[in-house]
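Beneath this line is the structure, given in structure tokens, with notes to follow.
There are 2 protein chains.
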Amino acid sequence: MPEVVGNMLIAQSGGPTCAINASVAGAVEEAGRHPDLIGEIYGGRNGILGILNEDLIDLQEEKRSAIEGLRYTPAATLGTCRYKIHFITDEQLAQAKDDKEREKLLKRRVQAASDMDQLFEVFQAHNIRYFFYAGGNDSQDTSLKIHEEAVKRGWDMRVIGIPKTIDNDLPHTDHCPGYGSVIKYNATTVMEVGIDVGSMATDDGSVCIIEVMGRSAGWIAAGTALAKRGNPANPPHIILFPEIQYDLAHFLNKVREAVAAYKYCVIVVGEGIKNKEGKEIGADETKRDAFGHAVLAGAAWKLKELIEAALQTKTRTVLLGYAQRAAAHCASLTDVTEAAACGEAAVRAAVSGQSGYMVKLIRESSAPYKWSTALHDLREVANVEHFVPREWISEDGFMTNEQFLEYASPLIAGEVRAPMENGLPKYVVLEGLPVEKKLAPRA
Amino acid sequence: MPEVVGNMLIAQSGGPTCAINASVAGAVEEAGRHPDLIGEIYGGRNGILGILNEDLIDLQEEKRSAIEGLRYTPAATLGTCRYKIHFITDEQLAQAKDDKEREKLLKRRVQAASDMDQLFEVFQAHNIRYFFYAGGNDSQDTSLKIHEEAVKRGWDMRVIGIPKTIDNDLPHTDHCPGYGSVIKYNATTVMEVGIDVGSMATDDGSVCIIEVMGRSAGWIAAGTALAKRGNPANPPHIILFPEIQYDLAHFLNKVREAVAAYKYCVIVVGEGIKNKEGKEIGADETKRDAFGHAVLAGAAWKLKELIEAALQTKTRTVLLGYAQRAAAHCASLTDVTEAAACGEAAVRAAVSGQSGYMVKLIRESSAPYKWSTALHDLREVANVEHFVPREWISEDGFMTNEQFLEYASPLIAGEVRAPMENGLPKYVVLEGLPVEKKLAPRA
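Chains A and B, in that order, are what the protein sequence lines are.
Residue 324 in the working numbering is what sits at position 311 of the first sequence, and the numbering runs on without skipping anything.
Residue 295 in the working numbering is what sits at position 282 of the second sequence, and the numbering runs on without skipping anything.
Rendered as structure tokens:
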């Protein structure tokens, strides 16, 4: 494509991680190296939601040290949102099970078209010619739709998706920025909790269940296997993956064996694990919340009840929740470096005329670990989920094997040390100077 | 007291912390400076339980680097136990509500006497003349009883208790080793989770509840107020203390206010918090576990149900559990330094002829922070619990005030950096060479 001169807009979407800001830092720094093509550098507040409301901030007005400090600052500094543009395909419409659903889908299609109009009004009002969106599956789909729409409308704009998700479930990329840090923190925690529980273990035995994120893919749970450091006696003794349907009697036997062997047992469980009927263990179908949804009492809690009933062994639970994806104090330097590189690569691709791609990470070798970035067509990325390969999990389904460890090991290497102030990390908060609005407020 | 020459025994008791090993390091290193008085240096495995079984290890056989490394190694390296010697007083016997309870108490008294005999057989068999016990309330009581028994039996032995508890509920000491590290980690976590939840906060609001340890004292919950760093907009927005009985309608109003002001609300809750009737919120009286105890579903879980029903606001929970007391990767240098100093002070006191004391920390000034160690009579320590003073909590009961912050601030200063290996901390594991047994196995 010929060169285009104009302004840049970057936004973040989906669940925050402690590496997603590094991608913004990388992109903004790289943009600064192309003043001939990129004029203003804007950030969209709260993802697509802020852009729809023309809620932009001027990243050129931030201190260089603040942009640099984004490399060690957790969460989405530009803000993120749960708002989703529902692009309804003809196929989805045809599959609607009744008129009511068909009507709902049609309404969503109209809303999506209206949202798209609004986005392009904002892009055009601010002469946005470079658009970067960091996020997971849904966000890559949004990037694809924006790219296609730009082509259709003849609005000359480069659109590149930047991968981000602790879930590590994007396809085609070797791994996702955000993943290395979450498993570094979780493996550290499993190691420490393991030493704690082990030091209390006497003849009556002791069990601790640590629940980690991952509703459908077990990458996060799998990563805690690094805490074993090659010794079967080290925790975690059991990992439960959402990809596998478990026979709970079989599971209880594994716990019994570990307690017999080590006097304690540390279990890591992905939040979405299922029983042999394929039902989520953490879902309590008998109880409904204020919205009428089945209450998720939590997989760890359910397993605790089972173990205490079957084994009469004291069982404690840890639920890391948001703490695991926000733990910048224990981030992986490899992860943060790669996240920044993905931001840089996105801008380099765009200024060289590419559009409609997601940046991906390529592994050149595991030992020594060598990697690079490349581009992948967004049409092959959107809405495809990537699971832990069955052959990376032990035959009995309760642990990863060497192949996984070789994959995951390099991703947690190196430490990020944020500056400290009064005993706590000093994270960056952006000034966030608003860009003057040019459109009438959206109805 | 005149000088006594003989061997030393040190053991750990109660819940592990990430500073209790530093006390062992301090004590062992100090003992090495008194070779004229202290011969062998033994560690008792799994607290009193291991000593009863003559399960001792030879700490002189450990590498100096391993003892030094205990300063950054979490949990109880010598092992700990839940076993308790029940010393039954005449008063307790007189208060027994029926014959059955009286019989149970009498049985415990007989067991305690038998345990005491066994302990002194071990002390005498190994010529133990210096005994150090690191632990919380129960352990200080055990130290007192052992000291009194030694005097009664005419066994010339120095007994000094070393304070240790993340709960910070020992009396007479300014604070307890282990406390500074747990609140440094918890405040860091609250800060990070707060940035995460805040970055996702849009108009629909968002709530996150973080449950921390503390069944009866709110010191651990209180410590997370440090994450506010003087800004009311910063999380935590609400802290619930076990010392206070809460009107839940009042609490829900506070949540509503925070969501209105900041679009999100981070709540920290001590596990033992109570409603206005004084009943533990986390206890589910309708449900009993395998042992017949009321199931503690957890305070955070109960509050989540309440908030979602009343405010229709998405509410997530984090349950830090054992992770918080084992988090050596985020330990406070001040805490670990003080813990080591308590170990040293215990040995110095003992070799200078003192017995029947607990080491305590004295605060000389808060700004600049200056501290020293001293001794306190064990008779005044045992079984007294120390709560957060009501005047350090805001009038409405939902936050600490300046007095608490002045108290807690210096305790989290400085970082402990364990050596790293393949992206994870490299903690010390002792060789644990067993000391040859001299007694017949206990019946």
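Just so it is clear, CB atoms sit at the ideal spot from N, CA and C, and this is done for glycine as well.
Open item on the list: Buried or exposed, going by whether 16 or more other CB atoms sit within 10 Å of the CB of residue 102(B)?
Closed with: The residue given as residue 102(B) occupies position 89 in the second sequence. Per the 10 Å Cβ criterion, exposed.
Task: Rounded separation between residue 148(A) and residue 312(B) - CA only - done: Taking the first residue of the first sequence as position 1, residue 148(A) is located at position 135. Taking the first residue of the second sequence as position 1, residue 312(B) is located at position 299. Answer to the nearest angstrom: the Cα atoms are 33 Å apart.
Task: Where residue 96(B) sits in the DSSP three-state scheme - done: One-based indexing of the second sequence puts residue 96(B) at position 83. Residue 96(B) falls in the coil class under three-state DSSP.
Open item on the list: If I follow the unbroken beta strand (DSSP E) through residue 23(A), where does it start and stop?
Closed with: Residue mapping note: residue 23(A) aligns to position 10 of the first sequence, counting from 1. That run of the beta strand (DSSP E) goes 19-25.
Open item on the list: Pairs of beta-carbons, one from the segment 436-446 of chain A and one from the segment 86-100 of chain A, closer than 8 Å: are there three or more?
Closed with: yes
- [ ] Specify the secondary structure class of residue 118(A) as computed by DSSP and reduced to three states.
- [x] Within the first sequence, numbered from 1, the residue matching residue 118(A) stands at position 105. Reduced to three states, the DSSP call for residue 118(A) is helix.
TODO: Mark residue 4(B) as exposed unless 16 or more other C-beta atoms lie within 10 angstroms of its C-beta, in which case mark it buried.
DONE: This structure cannot settle anything about residue 4(B), because the visible part of chain B is limited to 14 through 456.
Open item on the list: I'd like the list of long-range same chain contacts for residue 128(B), defined as Cβ closer than 8 Å, with 5 residues on each side in sequence excluded.
Closed with: As a working note, residue 128(B) is residue 115 in the second sequence. So the qualifying residues of the chain are 61, 65, 98.
Open item on the list: Can you confirm whether residue 436(A), when its beta carbon is compared against all beta carbons of chain B, has any partner nearer than 8 Å?
Closed with: Against the first sequence, residue 436(A) aligns to sequence position 423. Yes, because at least one Cβ of chain B sits closer than 8 Å to the Cβ of residue 436(A).
TODO: Could you check what DSSP says for residue 441(B) in three-state terms: helix, strand or coil?
DONE: In the second sequence, residue 441(B) corresponds to position 428, counting from 1. It is coil, neither helix nor strand.
- [ ] Spatial neighbours of residue 53(A) within its chain, please: CB distance less than 6 Å, with the 5 preceding and 5 following residues excluded, ordered by chain position.
- [x] Taking the first residue of the first sequence as position 1, residue 53(A) is located at position 40. Hits under 6 Å: 20.
Task: Reduced DSSP category for residue 334(A) - H, G, I as helix; E, B as strand; rest coil - done: As a working note, residue 334(A) is residue 321 in the first sequence. If DSSP states are grouped into helix, strand and coil, residue 334(A) belongs with coil.
TODO: From the DSSP output, in three-state form, read off residue 412(B) for me.
DONE: Along the second sequence, read from residue 1 onward, the residue named residue 412(B) stands at position 399. If DSSP states are grouped into helix, strand and coil, residue 412(B) belongs with coil.
Task: Reduced DSSP category for residue 144(B) - H, G, I as helix; E, B as strand; rest coil - done: Taking the second sequence and counting its residues from 1, one reaches residue 144(B) at position 131. Residue 144(B) falls in the strand class under three-state DSSP.
Task: Contact list for residue 334(A) against chain B, beta-carbon separation under 7 Å - done: In the first sequence, residue 334(A) corresponds to position 321, counting from 1. Within chain B, the residues near residue 334(A) are 329, 330, 331.
TODO: Give the single residue among 203(A), 132(A), 46(A) whose Cα lies nearest to the Cα of residue 452(A).
DONE: For the purposes of this step, residue 452(A) is taken as the residue at position 439 of the first sequence. The option with the nearest alpha carbon to residue 452(A) is 132(A).
Open item on the list: I'd like to check one pair, residue 36(A) with residue 172(A): are the Cβ atoms closer than 8 Å?
Closed with: Stepping through the first sequence from its first residue, residue 172(A) is reached at position 159. Stepping through the first sequence from its first residue, residue 36(A) is reached at position 23. In this structure, residue 36(A) does not lie closer than 8 Å to residue 172(A) by Cβ.
Open item on the list: Which residues in chain A have a C-beta closer than 8 Å to the C-beta of residue 62(B)? List them in chain order.
Closed with: Indexing the second sequence from 1 puts residue 62(B) at position 49. Correct list: 215.
TODO: Within the same chain, show all residues whose beta-carbon is closer than 7 Å to that of residue 385(B), passing over the 5 residues directly before and after it, in chain order.
DONE: For this step, residue 385(B) is matched to residue 372 along the second sequence. Excluding residues within five positions, the ones whose Cβ falls inside 7 Å are 375, 377.
- [ ] Check residue 302(A) in the structure and name its three-state DSSP category.
- [x] Stepping through the first sequence from its first residue, residue 302(A) is reached at position 289. With a pLDDT of 49 at residue 302(A), under the threshold of 50, the predicted position of this residue should be treated as unreliable, though the coordinate-derived value follows. The answer is coil: DSSP assigns residue 302(A) none of H, G, I, E or B.
- [ ] Using a Cβ cut-off of 8 Å (strictly closer), state whether residue 338(A) contacts chain B.
- [x] For this step, residue 338(A) is matched to residue 325 along the first sequence. With 8 Å as the cut-off, residue 338(A) counts as an interface residue toward chain B.
- [ ] Using a threshold of 8 Å, state whether the C-beta atoms of residue 336(B) and residue 331(A) are closer than that.
- [x] Translated into positions along the second sequence, residue 336(B) becomes position 323. Translated into positions along the first sequence, residue 331(A) becomes position 318. A contact, by the Cβ cut-off of 8 Å.
Task: Sub-8 Å separation of residue 209(B) and residue 79(A) beta-carbons - done: One-based indexing of the second sequence puts residue 209(B) at position 196. One-based indexing of the first sequence puts residue 79(A) at position 66. Taking 8 Å as the Cβ cut-off, residue 209(B) and residue 79(A) do not qualify as a contacting pair.
- [ ] Report the three-state DSSP secondary structure of residue 6(B) (helix, strand or coil).
- [x] Only positions 14 to 456 of chain B appear in the structure, and residue 6(B) is not among them; the question remains open.
Open item on the list: Just verifying my parser: in three-state terms, what is the DSSP assignment at residue 389(A)?
Closed with: Here residue 389(A) corresponds to residue number 376 of the first sequence, with the count starting at 1. Strand, per DSSP.
TODO: Can you tell me which of the three DSSP states residue 111(A) falls into?
DONE: As a working mapping, residue 111(A) is identified with position 98 in the first sequence. If DSSP states are grouped into helix, strand and coil, residue 111(A) belongs with coil.
TODO: Taking all protein chains shown into account, decide if residue 322(B) is buried (16 or more other Cβ within 10 angstroms of its Cβ) or exposed.
DONE: Position 309 of the second sequence holds residue 322(B). Result: exposed.
Task: Residues within the segment 244-263 of chain B neighbouring chain A, beta-carbon criterion of under 9 Å - done: none
Open item on the list: Can you tell me where the beta strand (DSSP E) holding residue 252(B) begins and where it ends?
Closed with: Here residue 252(B) corresponds to residue number 239 of the second sequence, with the count starting at 1. Residue 252(B) -> beta strand (DSSP E) spans 251-253.
Open item on the list: Relative to the C-alpha of residue 277(B), which candidate in 294(B), 290(B), 287(B), 329(B) has its C-alpha closest?
Closed with: The residue labelled residue 277(B) in the question sits at position 264 within the second sequence. The shortest C-alpha separation from residue 277(B) is found at 329(B).
TODO: Sort 49(A), 248(A), 25(A) by Cα distance to residue 150(A) and report the nearest one.
DONE: Counting from 1 along the first sequence, the entry for residue 150(A) is found at position 137. The shortest C-alpha separation from residue 150(A) is found at 25(A).
TODO: Within 10 angstroms of the Cβ of residue 46(A), are there 16 or more other Cβ atoms? Answer buried if so, exposed if not.
DONE: Numbered from its first residue, the first sequence carries residue 46(A) at position 33. The residue in question, residue 46(A), is exposed, as its Cβ has fewer than 16 Cβ neighbours within 10 Å.
Task: chain A residues whose Cβ lies nearer than 9 Å to that of residue 59(B) - done: Taking the first residue of the second sequence as 1, we reach residue 59(B) at position 46. 212, 213, 214, 215, listed in chain order.
Task: Rounded C-alpha distance that separates residue 109(A) from residue 396(A) - done: In the first sequence, residue 109(A) corresponds to position 96, counting from 1. In the first sequence, residue 396(A) corresponds to position 383, counting from 1. Those two C-alpha atoms are separated by around 19 Å.
Task: Beta-bridge pairing of residue 379(B) - partner residues as DSSP gives them - done: Translated into the one-based positions of the second sequence, residue 379(B) becomes position 366. Looking at the DSSP assignment, residue 379(B) forms a beta bridge with 382(B).
- [ ] Pull up the DSSP beta-bridge partners for residue 328(B), would you.
- [x] Here residue 328(B) corresponds to residue number 315 of the second sequence, with the count starting at 1. In the DSSP output, where bridge partners are listed per residue, residue 328(B) has 220(B).
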